[in-house]
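Participant:
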Amino acid sequence: MAMVSVLLFLKDFLLGGLAGAVSKTAAAPIERVKLLLQLQDGSVQMRNSYKRYDGIVDCVRRVLKEQGLLSFWRGNLANVVRYFPTQAINLAFKDRYKELFLRGVDKCKDFWTYFAGSVASGSAAGATSLCVVYPLDFARTRLAADVGKVNEEREFTGLFDCFKKIVKSDGFFGLYRGFWMSLIGIVIYRGAYFGFYDIAKEVIGSENLNFVTKWIVAQVTTTLAGLLAYPCDTVRRRMMMQSGCRKDERLYSNSLHCAGRILCQEGICAFFKGAFTNIVRGISSSLVLVLYDEFQKLFEFLFQTD
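Residue numbers for the sequence shown, in UniProt numbering: 1 to 306.
#1: May I ask you to report which of helix, strand or coil DSSP gives residue 97?
#2: If contacts are defined as beta-carbon pairs under 8 Å, then residue 270 and residue 225 qualify, I think. What distance do you get, rounded to the angstrom?
#3: Buried or exposed, going by whether 16 or more other CB atoms sit within 10 Å of the CB of residue 111?
#4: If you compare alpha carbons, which of 298, 137, 35, 241 is closest to residue 59?
#5: Just tell me which of 43, 54, 160, 120 has its CA closest to the CA of residue 194.
#6: Compare the beta carbon distance of residue 340 and residue 232 with 8 Å and say whether it is the shorter of the two.
#7: Do residue 139 and residue 32 have their CB atoms nearer than 8 Å?
#8: Just confirm the distance between the C-beta atoms of residue 165 and residue 244, as a whole number of angstroms; I'd bet it's less than 8 Å.
#9: Decide if the stretch 125-139 is in contact with the stretch 81-96; the criterion is three or more beta carbon pairs, one per stretch, under 8 Å apart.
#10: Would you kindly work out how many angstroms separate the C-alpha atoms of residue 95 and residue 302, rounded to a whole number?
#11: Where does residue 251 land, buried or exposed, given buried means 16+ other C-beta within 10 angstroms?
#12: Comparing C-alpha positions only, which one of 230, 109, 240, 79 sits nearest to residue 277?
#13: Out of 190, 158, 15, state which residue places its alpha-carbon closest to the alpha-carbon of residue 118.
#14: For residue 374 and residue 162, what's the separation of their Cα atoms in angstroms?
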């Protein structure tokens with residue numbers, strides 16, 4: 001029985017990982033455009049010697065012309081690798097956190113306790129995986145934001161070069177710059193997601209939620225929650241860009257200083273730079289569910305027994 005459980009876990013893990021890798025690779029160009037627009041005012045490399053990108057179309061056109069087609073996938077390896085430990089940790093801990101925070105709670109009788117427990121369990125699972133995979137997210141961000149045309153002009157030549165240079169200049173915790181703002185973003189996102197989703201179910205009616213309706217509700221909910229948490233994402237990624245810089249080059253001393261400076265110098269809209277591409281990327285991420293089902297059918301067909 002234990003062996004069957006292990007095999008089922010491995011099957012779900014590998015199929016989910018494969019679907020996630022394909023989906024993330026397909027969405028990588030959108031993700032890189034989003035990061036370049038989001039970070040161009042917080043990057044020393046782009047601020048000092050690079051003409052600003054004037055929107056999505058200009059960014060796509062110039063990246064293709066100046067850095068080549070394959071540059072749209074800079075940082076994708078770190079993003080794909082990051083998916084596997086994230087998925088493994090979520091599979092391992094999600095039920096434990098649900099039991100810890102939601103044991104004995106009746107959703108119908110005590111909605112707000114259930115809501116708080118759902119946010120807490122989701123945030124705890126996200127924080128646990130974040131502790132492990134944050135350096136990979138850091139490297140993905142720095143590689144994607146590197147606008148050098150050739151290896152001699154690039155800040156990092158690859159994933160391991162990024163790790164080596166940052167650890168050498170800032171120490172191991174330089175890979176965790178912006179971590180606390182990430183945790184705040186997780187709590188905001190989870191709270192907004194569960195809140196919007198439950199409200200939508202009440203308005204529409206649970207009995208009317210067929211598959212298509214659920215998918216639409218999930219997309220709208222994910223988009224709204226993502227927009228609410230997006231300022232935290234902007235701040236944390238801008239903080240990531242400070243690692244590896246000389247002290248006199250650093251634009252922000254901490255996350256609060258970063259948020260205040262963005263608000264005062266660039267305005268509130270600066271917190272949402274690249275948000276539209278993030279919405280497009282969010283829609284494309286629904287491919288994970290579709291691909292997972294297709295891979296599962298293929299797996300069952302290949303390994304079916306008479």
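Heads up, the beta-carbon is just placed ideally off N, CA and C, and yes, glycines get one too.
Facilitator: Based on what the coordinates show:
#1: As a working mapping, residue 97 is identified with position 97 in the sequence shown. Here residue 97 sits in helix by DSSP.
#2: Within the sequence shown, residue 270 is the residue found at index 270, counting from 1. Within the sequence shown, residue 225 is the residue found at index 225, counting from 1. Separation of the CB atoms of residue 270 and residue 225 is rounded to 20 Å, and the pair is thereby denied contact status at 8 Å.
#3: Against the sequence shown, residue 111 aligns to sequence position 111. Exposed is the label assigned to residue 111, since fewer than 16 other Cβ atoms lie within 10 Å of its Cβ.
#4: Position 59 of the sequence shown, counted from the first residue, corresponds to residue 59. Ranking 298, 137, 35, 241 by Cα distance to residue 59 puts 35 first.
#5: If you number the sequence shown from 1, residue 194 lands on position 194. Of 43, 54, 160, 120, the residue nearest in Cα terms is 120.
#6: The structure shown does not extend to residue 340, since the chain spans only 1 to 306, so no value can be given for it.
#7: Translated into the one-based positions of the sequence shown, residue 139 becomes position 139. Translated into the one-based positions of the sequence shown, residue 32 becomes position 32. Contact flag unset, no.
#8: Numbered from its first residue, the sequence shown carries residue 165 at position 165. Numbered from its first residue, the sequence shown carries residue 244 at position 244. Yes, residue 165 and residue 244 are in contact; Cβ-Cβ is about 6 Å, under 8 Å.
#9: As far as the Cβ criterion goes, the stretch 125-139 touches the stretch 81-96, which means the pair count is three or higher.
#10: In the sequence shown, residue 95 corresponds to position 95, counting from 1. In the sequence shown, residue 302 corresponds to position 302, counting from 1. Taking the straight line joining both Cα atoms gives about 30 Å.
#11: The residue labelled residue 251 in the question sits at position 251 within the sequence shown. With at least 16 other beta carbons inside 10 angstroms of its own, residue 251 counts as buried.
#12: Sequence index remark: in the sequence shown, residue 277 carries index 277 (1-based). Looking only at 230, 109, 240, 79, the smallest Cα-Cα distance to residue 277 is reached by 230.
#13: Position 118 of the sequence shown, counted from the first residue, corresponds to residue 118. The option with the nearest alpha carbon to residue 118 is 190.
#14: This structure gives no information on residue 374, because the portion of the chain shown stretches from 1 to 306.
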